[in-house]
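A.B. asks:
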Amino acid sequence: MAECMTMSLSATAKPSASCLICTSNFDEFSDMAALPCGHVFHSHCAGEWFKQSQTCPQCRRRLRNPKRTS
Ligand SMILES: [Zn+2]
Ligand SMILES: [Zn+2]
525 MAECMTMSLS ATAKPSASCL ICTSNFDEFS DMAALPCGHV FHSHCAGEWF KQSQTCPQCR
585 RRLRNPKRTS
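Be aware that the sequence shown starts at 525, since it is given in this note's numbering, and climbs by one per residue.
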C-alpha cells in the first residue's frame, strides 16, 4: 500500500494568485498594483480598469487612488 504524502501548501499571505482583470497569474516580474481593500492586480490592468471604473473589480469597493507597488 502506497503511503499518502500530504503536501503542505506554502501559506504565504498572498491576496490572490492571479489578476482578476486579465485572469493571468502573477509572476515575480509582474508590476502589481495593490488596492486599499487588499486586492492586487497588474498595474497596467488596474490602470486600464480605473479609467472606466472607480471600484475594485473583485469586491466593488470604491477607490480613489489605487496604490501602485512597482
Ligand atoms: Zn492583469
Ligand atoms: Zn477589493
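All C-beta atoms in this analysis are idealised placements derived from N, C-alpha and C, irrespective of residue type, glycine included.
It should be emphasised that the depicted structure is a prediction, and the values quoted were computed from it without experimental measurement.
Identify, in the order they occur along the chain, each residue of the same chain with its Cβ nearer than 8 angstroms to the Cβ of residue 587, setting aside the five sequence neighbours on each side.
C.D. replies: Residue 587 sits at position 63 when you count from the first residue of the sequence shown. Contacts found: 559, 560, 561, 574, 578, 579 and 580.
A.B. asks: Let's test the definition: count the other Cβ atoms within 10 Å of the Cβ of residue 541 and tell me whether it reaches 16, buried, or not, exposed.
C.D. replies: Residue numbering aside, residue 541 sits at position 17 when the sequence shown is read from its first letter. Result: exposed.
A.B. asks: Using a strict less-than 7 angstroms threshold between each residue's beta carbon and the heavy atoms of ligand 2, what residues do you get?
C.D. replies: 559, 561, 562, 563, 580, 582, 583 and 585
A.B. asks: According to DSSP, is residue 550 part of a helix, a strand, or is it coil?
C.D. replies: The sequence position of residue 550 within the sequence shown is 26, counting from 1. Of the three classes helix, strand and coil, the one that applies to residue 550 here is coil, per DSSP.
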